[in-house]
Amino acid sequence: MTILNEILDYNHKFVEDHEYEKYETTKFPNKKMVILTCMDTRLLELLPKALNLGNGDAKIIKDAGALVSHPFGSVMRSILVAVYQLKAQEVLVVGHHDCGMSGMKPEPVIESMKDRGISDETFETLSYSGIDIKQWLQGFENVSESVAHSVDVIKHHPLLPSGVPVHGLVIDPKTGKLDLVVDGYKN
Ligand code: ZN
Numbered sequence: 215m216t217i218l219n220e221i222l223d224y225n226h227k228f229v230e231d232h233e234y235e236k237y238e239t240t241k242f243p244n245k246k247m248v249i250l251t252c253m254d255t256r257l258l259e260l261l262p263k264a265l266n267l268g269n270g271d272a273k274i275i276k277d278a279g280a281l282v283s284h285p286f287g288s289v290m291r292s293i294l295v296a297v298y299q300l301k302a303q304e305v306l307v308v309g310h311h312d313c314g315m316s317g318m319k320p321e322p323v324i325e326s327m328k329d330r331g332i333s334d335e336t337f338e339t340l341s342y343s344g345i346d347i348k349q350w351l352q353g354f355e356n357v358s359e360s361v362a363h364s365v366d367v368i369k370h371h372p373l374l375p376s377g378v379p380v381h382g383l384v385i386d387p388k389t390g391k392l393d394l395v396v397d398g399y400k401n
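Numbering (our numbering) for the sequence shown: 215 to 401.
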């Protein structure tokens with residue numbers, strides 16, 4: 215059975231058995247916060263448990279590395295929508311140790327793309343179009359610095375209203391222990 219069919223079969227039963235009832239909530243976060251974190255598999259259940267979050271408690275945005283790669287990209291837009299439309303009052307950026315984006319170099323990724331059939335011509339076309347693929351695929355060296363940088367981009371965004379605390383934390387993907395990098399109440 216394919217992954218998709220497995221999901222669809224399970225889902226049919228899930229709905230039929232009213233399993234959803236225990237998750238019923240609204241689109242407004244009970245704890246009035248929006249969290250930007252990483253897509254890491256180890257954080258799927260661990261992060262909400264370690265932060266005492268249940269369904270409905272927070273808006274959670276995930277990408278590789280918990281990065282705001284562009285101040286007018288979709289991550290920053292999601293944060294602003296959470297603040298202006300969904301009643302989030304605080305922002306948390308939660309990076310983690312042993313992140314796939316930590317120390318990631320663009321060259322091996324580009325090699326993998328070529329191995330999978332992406333042509334040199336495609337890279338040249340992108341380059342002529344002003345897209346710096348190497349820069350785009352560059353990871354970070356230090357997770358605390360990366361979190362602090364993301365906090366800085368969010369905090370100083372021209373469209374973020376004043377009075378919204380932006381906190382920075384790093385979570386251990388094994389124990390769930392949080393280390394505070396930026397206390398948003400002090401900035
Ligand atoms: Zn990660």
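C-beta: ideal position from N, C-alpha, C; glycine also.
Query raised in the report: If we ignore side chains and look at the alpha-carbon of each, how far apart do Val365 and Tyr342 end up?
Result: 32 Å
Report task. Would you kindly check if the distance between the Cβ of Lys348 and the Cβ of Ile324 is under 9 Å? Result -> yes
Requested in this report: Drop a sphere of 10 angstroms on the beta-carbon of Pro243, count the other beta-carbons inside from all chains shown, and report buried for 16 or more, exposed for fewer.
Outcome: buried
Query raised in the report: Does any heavy atom of the ligand ZN sit closer than 8 Å to the C-beta of Asp329?
Result: no
Query raised in the report: Would a check of beta-carbon distances place Ser326 closer than 9 Å to chain C?
Result: The structure shown has no chain C; it contains just one protein chain.
Query raised in the report: Which of helix, strand or coil does DSSP assign to Ile347?
Result: helix
Query raised in the report: Would the beta-carbon of His363 be found less than 8 Å away from any heavy atom of the ligand ZN?
Result: no
Query raised in the report: According to the neighbour-count rule (16 or more other Cβ atoms, all chains shown, within 10 Å of its Cβ), is Val308 buried or exposed?
Result: buried
Query raised in the report: If we count the other Cβ atoms within 10 Å of its Cβ and call it buried at 16 or more, is Thr251 buried or exposed?
Result: buried
Requested in this report: Run the proximity test for Asp386: is its beta-carbon closer than 8 Å to any non-hydrogen atom belonging to the ligand ZN?
Outcome: no
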